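Numbering (my numbering), first residue to last: 865 to 1143.
The beta carbon of each residue, even a glycine, is placed where N, CA and C say it ideally should be.
Fair warning: this is a prediction, and the values are worked out from it, not measured in the lab.
Step one of this worksheet: look at the structure below.
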Ligand code: FE
Ligand code: FE
Ligand code: ZN
């Protein structure tokens, strides 16, 4: 059984350094921002560094790597130039990730900004067809959201509507986030199987490509997105034991986005690994 555990790591020192960091904390995958999460500038790629990173990852049986798009882009935006900017950034990032050798680009579907979910989804769909112009390439993962503010994508039905409207569907998948799911009102803590069944019925479990593993500071259906360390929030230790042992989940890259430093990640990865293997 291959269990792929990792965390969100900085790539400021390059990809090889990030793979080393992932190894140091006991990981065999990781997530990284494709560019500064608040800015728009992407640094130039160092092909030698990428090659060495890929070699090191291969030797250590790494699972798929996940890029995360910056938070500043909004595919659902009212303003056309904001959407055009998001299209440009995502097109560029998908190309960069192909060079880097990452499998996925996670993106927040968008914020409708008061125009309503349906109009927002229309905007997202227009953008996605401009981004995913080829049948082949890195897979774009729509992230399930908590539903804060005017976020789109906090119901499986909304993710499905986006998926259904896109021409090159084979380029799309879903990444779920345990903190966001609970905030959105999906009771994964007490009814994990039922939630996964619902996802399977609406989206299809084969569309689920990766998972963000975070505890949450807020209760069920809070619509709040505040990550906390595993076992320190409303989901609790037992939930994460259950999660990592779940046959539909344990095959996916599981990425921590919890607060703290590398030592915290190391502890949480060790906990998840132990939980997965000791029945
Ligand atoms: Fe995210
Ligand atoms: Fe997340
Ligand atoms: Zn979050």
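Just the Cα atoms here: how many angstroms apart are residue 1051 and residue 924? What you label residue 1051 is simply residue 187 of the chain shown in a count that begins at 1. What you label residue 924 is simply residue 60 of the chain shown in a count that begins at 1. If you take the alpha carbons of residue 1051 and residue 924, they lie about 35 Å apart.
Given a threshold of 16 other Cβ atoms within 10 Å of its Cβ, counted over all protein chains shown, does residue 1008 qualify as buried or as exposed? As a first step, residue 1008 must be located in the chain shown, where it is residue number 144. Buried, because 16 or more other Cβ atoms sit within 10 Å of the Cβ of residue 1008.
Taking the alpha carbon of residue 1106 as the reference point, which residue from 936, 971, 1042, 1067 has its own alpha carbon closest? Within the chain shown, residue 1106 is the residue found at index 242, counting from 1. Out of 936, 971, 1042, 1067, 1042 has the C-alpha closest to the C-alpha of residue 1106.
Mind listing, in chain order, the continuous beta strand (DSSP E) runs of no fewer than 3 residues lying wholly within the region 1070-1131? 1072-1077, 1117-1120
Only counting the same chain, and skipping five residues up and downstream in sequence, which positions put a Cβ closer than 7 Å to that of residue 867? If you number the chain shown from 1, residue 867 lands on position 3. Within the same chain, residue 867 has close Cβ partners 1114, 1137, 1140.
Buried or exposed: which applies to residue 1132, given that a residue is buried once 16 or more other Cβ atoms fall within 10 Å of its Cβ? Position 268 of the chain shown, counted from the start, is the residue given in the question as residue 1132. Label assigned to residue 1132: buried.
Status (buried if at least 16 other CB within 10 Å, exposed otherwise) for residue 911: For the purposes of this step, residue 911 is taken as the residue at position 47 of the chain shown. So residue 911 ends up on the exposed side.
Starting from residue 941 and walking both ways along the alpha helix (DSSP H), at which residues does that stretch end? In the chain shown, counting from the first residue as 1, residue 941 sits at position 77. Premise fails: residue 941 is in no alpha helix (DSSP H) and is neither H nor E.
Count the other CB atoms, across all protein chains shown, that sit within 10 Å of the CB of residue 953; report buried if there are 16 or more and exposed otherwise. Reading the chain shown from its first residue, position 89 is the one you call residue 953. It is buried - the Cβ of residue 953 has at least 16 other Cβ atoms within 10 Å.
Outcome for residue 880 when other beta-carbon atoms lying within 10 angstroms are tallied against a minimum of 16: Along the chain shown, read from residue 1 onward, the residue named residue 880 stands at position 16. Label assigned to residue 880: buried.
Following a CB-centred definition, is residue 1032 positioned closer than 7 Å to any heavy atom of ligand 2? Taking the first residue of the chain shown as 1, we reach residue 1032 at position 168. No, the beta carbon of residue 1032 sits no closer than 7 Å to any heavy atom of ligand 2.
On the DSSP letters alone, give me the boundaries of the beta strand (DSSP E) that residue 1006 sits inside. The count along the chain shown starts at 1 and reaches residue 1006 at position 142. Run containing residue 1006: 1003-1007, per the beta strand (DSSP E) assignment.
Proximity of residue 1029 and residue 1023 at Cβ, strictly below 8 Å: Position 165 of the chain shown holds residue 1029. Position 159 of the chain shown holds residue 1023. Taking 8 Å as the Cβ cut-off, residue 1029 and residue 1023 do not qualify as a contacting pair.
Residue 989: first and last residue of the uninterrupted alpha helix (DSSP H) it sits in: Looking up residue 989 in the chain shown gives position 125. Here the alpha helix (DSSP H) through residue 989 covers 981-995.
C-alpha distance - residue 965 paired with residue 929, whole-angstrom precision: Your numbering for residue 965 matches position 101 in the chain shown. Your numbering for residue 929 matches position 65 in the chain shown. When rounded, the distance between both Cα atoms is 8 Å.
Quick one: complete alpha helix (DSSP H) runs, 4+ long, within the region 884-943? 911-923
Flag residue 991 as yes when its Cβ comes closer than 7 Å to any non-hydrogen atom of ligand 3, and as no otherwise. Taking the chain shown and counting its residues from 1, the one referred to as residue 991 is at position 127. No, the beta carbon of residue 991 sits no closer than 7 Å to any heavy atom of ligand 3.
For ligand 3, I want to know if residue 1091 counts as a neighbour, meaning its beta carbon is within less than 7 Å of at least one of the ligand's heavy atoms. Here residue 1091 refers to the residue found at position 227 of the chain shown. Residue 1091: yes, Cβ under 7 Å from ligand 3.
Top-ranked residue by Cα proximity to residue 1010, from 938, 1084, 1002: Here the question's residue 1010 lines up with position 146 in the chain shown. Looking at the Cα atoms, 1084 is the closest of the given residues.
Just list the alpha helix (DSSP H) runs in the region 1020-1055, keeping only unbroken ones of 4 residues or longer that don't cross its boundaries, in chain order. 1020-1029, 1042-1048
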